[in-house]
Every structure is written in C-alpha cells, then in structure tokens.
Ligand SMILES: *[C@@H]1O[C@H](CO)[C@@H](O)[C@H](O)[C@H]1NC(C)=O
Ligand SMILES: *[C@@H]1O[C@H](CO)[C@@H](O)[C@H](O)[C@H]1NC(C)=O
Ligand SMILES: *[C@@H]1O[C@H](CO)[C@@H](O)[C@H](O)[C@H]1NC(C)=O
Ligand SMILES: *[C@@H]1O[C@H](CO)[C@@H](O)[C@H](O)[C@H]1NC(C)=O
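Residue numbers (mature numbering (1 follows the signal peptide of the UniProt record, and there is no 0)): -19 to -1, 1 to 253.
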C-alpha cells in the first residue's frame, strides 16, 4: 500500500519534470528523506528514487534496503543545503535521544527529478569526538539563517572558503578566510564557548604527506553553505590513506562562521 502523500509527491515531480531543478523539489525531497529516516524506510518509502540508485554509507556501496535508513531514528535536529545548480541536497541529522545516538551527514544527487545517488557518513558512539548530546546542544545555538540577496557570496567564494580550510590542514601557509568569530563543532566538541567572539577554527598542520582527496561538494548560496564530503587521511590509524568524513561550512561575507565535522572511525576515536 503506497501512502497517498507519496503518490502526490510523484505527481508533483512529474508535473515539473521538464523544468530546471527547483529549490522546492530539493526541499520536498530532503523533507521526504528526513521523514523516511525518522520512520524507517519500510514504513515511509522514499519518493522519486531511481530504480538503479547508487546508495553508500561511509563510502561502502550497499543496497538501500540494508542501510541505516531502515531503522526508525528519533530525529532531534535537521539542517539541509539545497544546490539548484548541481541538483543536489545535503542534510545533517542529529539524534541524541535515539539508542544508539547518531549524527548523519547525507548528500543526494538528482537526475530528471529522481534521486540517483545517496551518500551518507553515519557516525555514532566511538567515531571521531562523537557526542550527539554536545552536537545537538551547540548546533541549536547557531544561526544559519537565509542571507539577504544583496549580501550573498557566489558559489565560487563559498566553495573556495571550504577548500582553503581543508587545504590548510596539509599546508599551513594557505590563507583561510576565517571570520571573527568562527566556531568549529567536531563530533560533539565545540571550539568556542557560548557568546565567543574569537576565531577558534584555525587548525594545526598535520604530518606530511597530507592531502585531502575525493572532495564532493554541495553548495547553497542562500545560506552561504558548502558541504565537502572527503577522504580524511592520517586521523584513522587503520585507514591512513583516508576515512569517510564531511565538513559543512557556513560562510558570511566571504568569511567562515561555522564548521561542523563528522568523521567515521574504524576503531574507537580512530585509535587516538
Ligand atoms: C541509472 O540509469 C540511468 C538511465 O538509464 C543512467 O543514466 C544512470 O547512469 C544510471 N545510474 C547508475 C548509478 O547506474
Ligand atoms: C526539520 O527541521 C525543520 C526546520 O528546522 C523542522 O520544522 C522539522 O520539524 C524538522 N523535522 C524533523 C523530522 O525533526
Ligand atoms: C557531551 O556533551 C554534553 C553537552 O555539552 C556534556 O554535558 C557531556 O559531558 C559530553 N559527554 C562526554 C562523554 O564528553
Ligand atoms: C596507502 O597508499 C599507499 C600509496 O598508494 C599504499 O602503498 C598503501 O598500501 C596504502 N595503505 C593502506 C592501508 O591502504
């Protein structure tokens, strides 16, 4: 039995199939994804999923019917980016009250208004600096409001800010446009206290050689957001060439305001 909301959603998609990828379509799809994760896939099917969808968790390709989406997870907080240029979404889900707790970062790619790719970094107890209670607490203090049109940065500026941040980990001479204040939420640990006006985002340089590869972007000019899925080297002692990681960054007036990092570990806290 297919719920009627699912049918209505598909009809809506069919009606706009020939149009460009709209923010509304992406918003509806992200909302459906959040709903499906909240209820579990069997009871709340994802609409507009292509038959041959490519689904991966922590860079492991798997059947969508076997992944975390099949669990009903209490969603305590969600935040999404909508990329109408690439037809892509990014969603951050936080569940501190679920057992086990989760922080999940997901990117979805669309072709002809169908979801063709879903990639998630799924973190829980034991992953890098993981503390969903802390993530939720600090995340809720932040303001990722819509930026007035006249003050918006271009896609290029937003993406370059995120790239500079990642590049600086391997090369301390890279100039990163940190704002003052700037705050980083790494797992559940926050670099800035409430009301901090400092730049607490600056990273020390990692041991060489150090290069962050396999960067995949979702950019949303309306909130100055970029998410970069990437292979993070060094940190995970079992995977020195790179483990699944993502950084979502908020840029205001060309300067980085917030960073959230989610990193998967092979062993407790990546063996550190
Ligand atoms: C799914 O099928 C479409 C249409 O046949 C094709 O363009 C696309 O590349 C396929 N995607 C994957 C992940 O195989
Ligand atoms: C997701 O966030 C939006 C706005 O921040 C909120 O209205 C909605 O209820 C949230 N969804 C869930 C399932 O928590
Ligand atoms: C997780 O974060 C919360 C809120 O900041 C804090 O009270 C708690 O002590 C943290 N837990 C651990 C294990 O660090
Ligand atoms: C990491 O990459 C190097 C160079 O490509 C390779 O020799 C090494 O086996 C890789 N290590 C692991 C653990 O995959």
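All C-beta atoms, glycine included, are put in the ideal place defined by N, C-alpha and C.
Since the model is a prediction, treat every value here as computed from it, not as a measurement.
Taking Cβ positions, are residue 102 and residue 243 nearer each other than 7 angstroms? yes
Using three-state DSSP, classify residue 207 as helix, strand or coil. Strand at residue 207.
Spatial neighbours of residue 100 in its chain, beta-carbon cut-off 6 angstroms, leaving aside the 5 residues before and after: Correct list, in chain order: 37 and 88.
Using 6 angstroms as the cut-off, classify the Cβ of residue 172 as near or not near the heavy atoms of ligand 3, replying yes or no. no
Taking the beta carbon of residue 60 as the centre, do at least 16 other beta carbons fall within 10 Å, making it buried, or is it exposed? buried
CB-CB length for residue 237 against residue 155, believed under 8 angstroms: Residue 237 to residue 155, Cβ: 13 angstroms. No contact.
Collapsed DSSP secondary structure at residue 47 in the structure displayed: Collapsing the DSSP output to three states places residue 47 in a helix.
Output the distance between the C-alpha atoms of residue 197 and residue 71, rounded to the nearest integer angstrom. 11 angstroms
Would you call the stretch 37 to 50 and the stretch 64 to 82 in contact, with 3 or more CB pairs under 8 angstroms? The answer is no - the stretch 64 to 82 does not touch the stretch 37 to 50, with fewer than three Cβ pairs under 8 angstroms.
Is the CB-CB distance between residue 54 and residue 83 below 7 angstroms? In this structure, residue 83 lies closer than 7 angstroms to residue 54 by Cβ.
Taking 8 angstroms as the cut-off, does the stretch 181 to 192 touch the stretch 126 to 141 (at least 3 CB pairs, one atom from each stretch)? Flag = no, the stretch 126 to 141 and the stretch 181 to 192 do not touch.
Tell me the rounded alpha-carbon separation between residue 232 and residue 117. Each residue's alpha carbon lies about 20 angstroms from the other.
Segments assigned beta strand (DSSP E), at least 3 residues, entirely inside the stretch 138 to 204: 159 to 167 and 194 to 201
Residues in the same chain with beta-carbon distance under 7 angstroms from residue 50, minus the five sequence neighbours each way, listed in chain order, please. 17, 18 and 22
Among 166, 216 and 35, which has the Cα closest to the Cα of residue 248? Residue nearest to residue 248 within the set 166, 216 and 35 is 216 (criterion: CA-CA distance).
Could you check what DSSP says for residue 218 in three-state terms: helix, strand or coil? coil
At a cut-off of 6 angstroms, is residue 222 close to ligand 5 when judged by its beta-carbon and the heavy atoms of the ligand? With respect to ligand 5, the structure offers nothing, as its ligand set consists of ligand 1, ligand 2, ligand 3 and ligand 4.
Going straight from the alpha carbon of residue 209 to that of residue 194, what length do you get? 10 angstroms
Around ligand 3, which residues pass a check of Cβ closer than 6 angstroms to any of its heavy atoms? 112, 114, 115, 118 and 169
How is residue 130 classed by DSSP in three states: helix, strand or coil? helix
Please list, in chain order, all residues of the same chain as residue 125 whose beta carbon is under 6 angstroms from its beta carbon, the five residues on each side excluded. 204 and 231
Cutoff 7 angstroms; reference residue 172; Cβ partners in own chain excluding five residues on either side: Within its own chain, the residues whose Cβ lies closer than 7 angstroms to the Cβ of residue 172, once the five positions on either side in sequence are excluded, are 164, 165, 181 and 182, listed in chain order.
Any idea if residue 220 is buried or exposed, counting beta-carbon neighbours within 10 angstroms, 16 or more meaning buried? buried
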